[in-house]
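Let me begin by presenting the structure, written as structure tokens, before commenting on it.
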Amino acid sequence: MSKSLCCFAFESLYYKLGLESSLITLDKYKPVDQGDSKLPSKAPLFITWNYKGHLRGCIGTFQPQSLESGVKSFAYSAAFHDPRFPPIKKAEVKDLSVSVTLLDNFEQINDPSNWTIGKHGLRLNMHIDGNYYSGTFLPSVAEEQEWDKVSTLWYLLRKADYSGVSQKDTLTFFNNGIKKGYIGLERYEGLKDALDNQSFLEYRKSIA
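Using full-length UniProt numbering, the first residue of the sequence shown is number 1, and each one after it goes up by one.
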């Protein structure tokens, strides 16, 4: 996909933490892609930080963003404002890795099994009992967690903070909800690349 976007996410974090006094722009990192396919000018995107291989923050948007401002903004948000985690500290940076996922090909689906593990992400919107629930899993999540489709759908409900259905009844729940109109389920695809801190520093040194 694009190492340059991952580099720029790290660059933005380093600048925000005061580890660098100036911010290298995304264009300066483009040579590290070495002829990879051309990126869109705008896209929905998610930034994920991992610390020693474990999730440390993940935030993004389904609204198309200019890549430079979007990566910068959501690199900050995922690092400092994911409510599941405390803000990332300077001491953690050496053990961080980042992934940038650009989203595309959104399709509403009427069959909750009509998606492919490792290829599709899922986005849930649900109105039930006067409450609204929403959640998403990026395309890589089910495969990384070694979930089957039913488990993924059940965990998606849990991520949306809905616990009113058992795992064995998950498919029936989704089928009924989609049929009656209180569940909206989308599948989508993503272009993803990842980079660890040491690789970022080597790239940065090569262009500085």
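For each residue, glycine too, the CB sits at the ideal point set by N, CA and C. Computed from a predicted structure; not experimentally measured.
Alpha-carbon to alpha-carbon, residue j and residue i
i	j	result
lysine 38	glycine 177	39 angstroms
isoleucine 207	glutamine 167	50 angstroms
glutamine 145	alanine 9	24 angstroms
arginine 204	glutamate 186	38 angstroms
alanine 91	asparagine 114	43 angstroms
isoleucine 47	tryptophan 147	22 angstroms
aspartate 129	leucine 153	20 angstroms
isoleucine 117	glutamate 143	6 angstroms
leucine 201	isoleucine 88	18 angstroms
leucine 197	cysteine 7	It is asparagine, not leucine, that sits at residue 197 in the sequence shown. Roughly 9 angstroms separates the two Cα atoms.
phenylalanine 106	glutamate 189	7 angstroms
serine 199	valine 93	12 angstroms
proline 31	phenylalanine 174	46 angstroms
glutamate 20	aspartate 169	52 angstroms
CB-CB length for residue i against residue j, believed under 8 angstroms
i	j	result
glycine 60	leucine 45	5 angstroms
leucine 195	serine 97	6 angstroms
leucine 124	serine 134	6 angstroms
serine 22	valine 71	In fact, because the Cβ distance is near 17 angstroms, the residues do not count as touching under 8 angstroms.
serine 99	aspartate 193	7 angstroms
aspartate 95	tyrosine 51	6 angstroms
methionine 126	tyrosine 162	7 angstroms
Exposed unless 16 or more other CB atoms sit within 10 angstroms - verdict on residue i
i	result
histidine 120	buried
serine 2	buried
lysine 179	exposed
arginine 158	exposed
proline 139	buried
glycine 53	exposed
threonine 25	exposed
glycine 164	exposed
leucine 156	buried
aspartate 111	exposed
Reference residue i, options the options, closest by Cα
i	options	result
leucine 67	Ala79, Asp82, Leu103, Leu55	Leu103
threonine 17	His54, Val32, Phe80, Thr116	According to the sequence shown, residue 17 is leucine rather than threonine. The shortest Cα separation from leucine 17 among His54, Val32, Phe80, Thr116 belongs to Phe80.
lysine 28	Leu5, Tyr14, Ile128	Leu5
phenylalanine 101	Gly181, Pro64, Asp161, Ser199	This sequence places threonine at residue 101; phenylalanine is not what is there. Measuring from the Cα of threonine 101, the nearest candidate turns out to be Pro64.
isoleucine 183	Ile117, Asn131, Phe137	Asn131
phenylalanine 62	Val141, Phe137, Ser151, Ser199	Phe137
serine 73	Phe173, Leu19, Tyr15	Tyr15
glutamine 108	Gly181, Leu19, Lys30, Asp33	Gly181
leucine 191	Leu55, Ala43, Ser151	Ala43
Opposing strand residues paired with residue i [DSSP bridges]
i	result
asparagine 125	Ser134, Gly184
leucine 195	Val98
serine 66	Lys42
glycine 57	Trp49
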